[in-house]
Amino acid sequence: MTEDTSAAAMPSDSPLRTLLVGAQMLFVAFGALVLVPLLTGLDPNVALFTAGAGTLVFHAVTGVSVPVFLASSFAFIAPIQSSVKSFGIPATLGGILAAGLVYVLISQLVRLKGTAWLHRLLPPVVVGPVIMVIGLALAPVAVDMATGGTSENITYGQAITLSMASLLVTLVLAVFGRGLIRLVPIMGGIVTGYVLAMVMGLVDFSAVHQAEWLALPTFTAPSFHWAAILFMIPVAIAPAVEHIGDMVAIGSVTRRHYLEKPGLHRTLLGDGLATCSAALFGGPPNTTYSEVTGAVTLTRAFNPRIMLVTAIIAILLSFLGKLGAVLQTIPAPVMGGIMTLLFGSIAVVGMNTLVRAGSTLTASRNLVVVSLILVFGIGGMQFGEGQFTLQGVSLAALIGIVLNAVLPHEAED
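In terms of the numbering used here, the sequence shown opens at residue 3 and continues consecutively.
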């Protein structure tokens, strides 16, 4: 990729245009941003705050040089759901903080050693199936929500109607939408399901009436529990590897070499510190948003300072108490319908990682690595007990890394 300064030029935008484009970027990211806390039991207002704060942290580290917005990471949805159920929210936040520190550690290793070691430690034959586990491990939870299993006052028929309507609109917008519409399929699905739920009389607005217009987000401090930390740390592997792809993607749009300047080590460090700051306040882990990259491509809004405006708007919105209350009234089946697509799409990303690498999966070595990652991660295998329990994604990632390191490559022949 050649440097094209004219294509990547950053014009001096007027304050009004910067404000409007910044607000539009948040609109594009909003549906996915609040989806993660709503699915994991975290506070959506806190997620808005930590997305804005995390984006500011990222740009402080990278010198406001990359036009990206950071917000809730989908890769952590299933692990956070499982961790909250097993260890509670404060301990889960402690695990997220530890995962953010893994990002920081990787960034420093990249600074000192380059990226070759990362590809050796985490080749596609490990990363691909681990991403698949992240998507599929809690697929039954999505189905349970979609069919009304988690809702006391919603019948099966009502739940299926809501979940499938939400899913259908999301699919239509994602496949047939054009322009900015195609960038907000999740929001479109949620809004459709929510309006339908109101028509069906399934939305209780009492909490919205009681909520204040202006209110401090319900911040939650992390606590530290070894089991939650061990469970969450390996989850950072997949987003850290995907981060490289995100930087290449936005670089191809703006025609700038972000892996060289500001450097992958700085972007990884910014991402890691953003995730740590999110955990300190009670928000989900942060990652660069592909939706926003798509919006940058469409609008040609290459100026990174626009993302600072987006971040500030997100922080301001986090103090609207009624906004959080409205988001909390969205019925579970609406979210369940979205989750059935979301978890499947994460699994497809993992499959695509394997396919693009061209690995021969029937080779004995690869067959062993991929098979055990999938079965251990999805099947519920568990090593240890009490505070030192390894299971789910963490166990799957560890098994994959160890097997990749010890099995001889000659076995592929």
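We treat Cβ as the ideally placed atom computed from N, Cα and C, and that holds for glycine.
Check	Outcome
Jot down the residue ranges of each uninterrupted alpha helix (DSSP H) in the region 61 to 125, minimum 4 residues, whole runs only, in chain order.	79 to 89, 91 to 115 and 118 to 123
Drop a sphere of 10 angstroms on the beta-carbon of residue 164, count the other beta-carbons inside from all chains shown, and report buried for 16 or more, exposed for fewer.	buried
Report all residues from its chain with a CB closer than 7 Å to the CB of residue 33; omit the five preceding and five following residues, and keep chain order.	186, 188, 189 and 192
Is DSSP giving residue 288 helix, strand or coil here?	strand
Suppose you measure from the CA of residue 370 to the CA of residue 35; what does that come to, to the nearest Å?	37 Å
With H, G and I counted as helix, E and B as strand and the rest as coil, what does DSSP make of residue 233?	helix
Taking just the CA atoms, how far does residue 123 sit from residue 407?	7 Å
What is the C-beta distance between residue 306 and residue 67, in whole angstroms, given that I count them as a contact (C-beta under 8 Å)?	6 Å
Tell me whether the beta-carbon of residue 294 lies closer than 8 Å to the beta-carbon of residue 31.	yes
Report the three-state DSSP secondary structure of residue 44 (helix, strand or coil).	coil
Leaving aside the five residues before and after residue 436 along the sequence, list all residues of the same chain whose C-beta is less than 7 Å from its C-beta, in chain order.	In the structure displayed, the chain extends from 3 to 415; residue 436 sits before or after that span and is not available.
What are the boundary residues of the alpha helix (DSSP H) that includes residue 254?	239 to 256
Taking just the CA atoms, how far does residue 215 sit from residue 355?	45 Å
Spatial neighbours of residue 281 within its chain, please: CB distance less than 7 Å, with the 5 preceding and 5 following residues excluded, ordered by chain position.	95, 98, 99, 102 and 224
For residue 211, is the classification buried or exposed, using 16 other Cβ atoms within 10 angstroms of its Cβ as the cut-off for buried?	exposed
Please report the residue range of the alpha helix (DSSP H) in which residue 308 lies.	307 to 319
Here's the rule: buried if 16 or more other CB atoms are within 10 angstroms of the residue's CB, otherwise exposed. What is residue 200?	exposed
Does residue 392 come out as helix, strand or coil in the three-state DSSP assignment?	strand
Cutting at 8 Å between CB atoms, please list the residues of its own chain near residue 468, excluding the five before and the five after it.	Residue coverage of the chain in this structure runs from 3 to 415, which leaves residue 468 outside it and unanswerable.
Residue range of the alpha helix (DSSP H) that residue 263 falls in?	That residue, residue 263, is in no alpha helix (DSSP H); it is neither H nor E in DSSP.
Buried or exposed for residue 226, please, with buried defined as at least 16 other CB atoms from any protein chain shown within 10 angstroms of its CB.	exposed
Once you ignore the five residues that flank residue 400 on each side, which residues in its own chain have a CB closer than 8 Å to its CB?	236 and 392
Is the region 106 to 116 in contact with the region 256 to 273, if contact means three or more CB pairs nearer than 8 Å?	yes
Looking at C-alpha atoms only, which residue of 341, 359 and 308 is the closest neighbour of residue 22?	308
Quick one: residues in its chain with C-beta nearer than 8 Å to the C-beta of residue 48, no 5 flanking neighbours on either side, listed in chain order?	39, 219, 220, 221, 222, 283, 284, 285 and 320
To which residues does DSSP link residue 325 through a beta bridge?	Its beta-bridge partners do not exist; DSSP assigns none.
On the DSSP bridge assignment, give the partners of residue 384 in chain order.	393
Under 7 Å Cβ to Cβ from residue 335, same chain only, skipping five residues before and after it: list those, please.	147, 148, 150, 153, 156, 161, 164 and 165
Tell me the DSSP secondary structure of residue 6 in three-state form.	Residue confidence is low: residue 6 scores 43 on pLDDT, short of 50, so the model does not pin down where it sits. Its coordinate-derived value is still stated next. The answer is coil: DSSP assigns residue 6 none of H, G, I, E or B.
Just to confirm the assignment, what range does the alpha helix (DSSP H) spanning residue 178 have?	158 to 178
Give me the Cα-Cα distance between residue 353 and residue 133, rounded to the nearest whole angstrom.	8 Å
Can you tell me the Cα-Cα spacing of residue 297 and residue 27, whole angstroms?	7 Å
If contacts are defined as beta-carbon pairs under 8 Å, then residue 129 and residue 120 qualify, I think. What distance do you get, rounded to the angstrom?	Going by Cβ atoms, the distance from residue 129 to residue 120 rounds to 10 Å, so no, they are not a contact pair.
According to DSSP, residue 216 sits in a beta bridge with which residue or residues?	322
What three-state label does DSSP hand residue 2 in the structure shown?	Given a span of 3 to 415 for the chain in the structure shown, any question on residue 2 remains unanswerable.
Measuring alpha carbon to alpha carbon, tell me which of 144, 277 and 322 ends up nearest residue 52.	277
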